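The opening residue of the sequence shown carries number 467 in our numbering; numbering runs sequentially from there. A short worksheet on the structure shown next.
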Amino acid sequence: MKKQLDSEIEVVKKERDEYKNKYLRALADYQNLEKRIAAARAEEIKHAAGKLIIQLLPVLDALEKTEEVLKDKGLAIVIKQFKDILSSESLKKIEVIGKKFDPHIMECIEVVESDKDEIVVEEVRSGYFLADKLLRPARVKVGKLKKS
């Protein structure tokens with residue numbers, strides 16, 4: 467009788483261990499699913515923010531051009547606030563003046579004579595990164611060595 471009970475106890479323990487392992491695997495699968503869903507949501511939000519920011523960039527360009535002409539301090543403050551908001555969303559302006567031309571992040575719209583070869587001499591339109599992704603390439607004028 468005791469051997470039979472011991473045998474039944476062993477069977478029940480094995481079943482318990484199997485159920486526990488299945489439960490732990492299911493729990494791990496569920497936690498991984500939650501992580502994947504959260505990552506997908508974050509990516510969707512980032513993508514949506516990127517789409518909105520792309521639509522706002524021409525507005526920023528227009529404001530900056532207007533401020534260049536009018537030299538209005540109030541407008542300059544609004545532009546700074548606008549840029550600060552965009553910056554808080556991981557938007558970063560590509561610095562191009564004086565840099566070597568990089569076709570991956572810049573579009574050359576004109577080549578001009580210069581003292582330096584393949585160096586950006588003028589920025590026509592700002593380019594931006596959103597986090598580490600190129601959102602819009604900078605439009606630039608690139609210098610070409612003067613022929614003597």
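Glycine residues also receive a C-beta, built at the ideal position from the N, C-alpha and C atoms. All values derive from a computational prediction rather than experimental measurement.
Check                                                                                                : Outcome
Ordered list of alpha helix (DSSP H) runs contained in the stretch 536-563, each at least 4 residues : 539-554
Beta-bridge pairing of Ser620 - partner residues as DSSP gives them                                  : The chain is shown only over 467 to 614; residue 620 falls outside these bounds and no answer can be derived.
From Glu573, Leu522, Lys539 and Ser556, residue whose alpha carbon lies closest to that of Val562    : Glu573
Between the CA atoms of Arg491 and Ile575 - distance to the nearest angstrom                         : 58 Å
Span separating the alpha-carbon of Lys549 from that of Tyr489                                       : 50 Å
Span of the beta strand (DSSP E), counted from its first residue to its last, around Phe595          : Tyr594 to Leu596
Residue from Gly564, Leu493, Lys559 and Pro524 whose Cα sits closest to the Cα of Gly609             : Gly564
Residue from Leu536, Lys599 and Lys582 with nearest C-alpha to Lys607                                : Lys582
Where Ile571 falls: helix, strand or coil (DSSP)                                                     : coil
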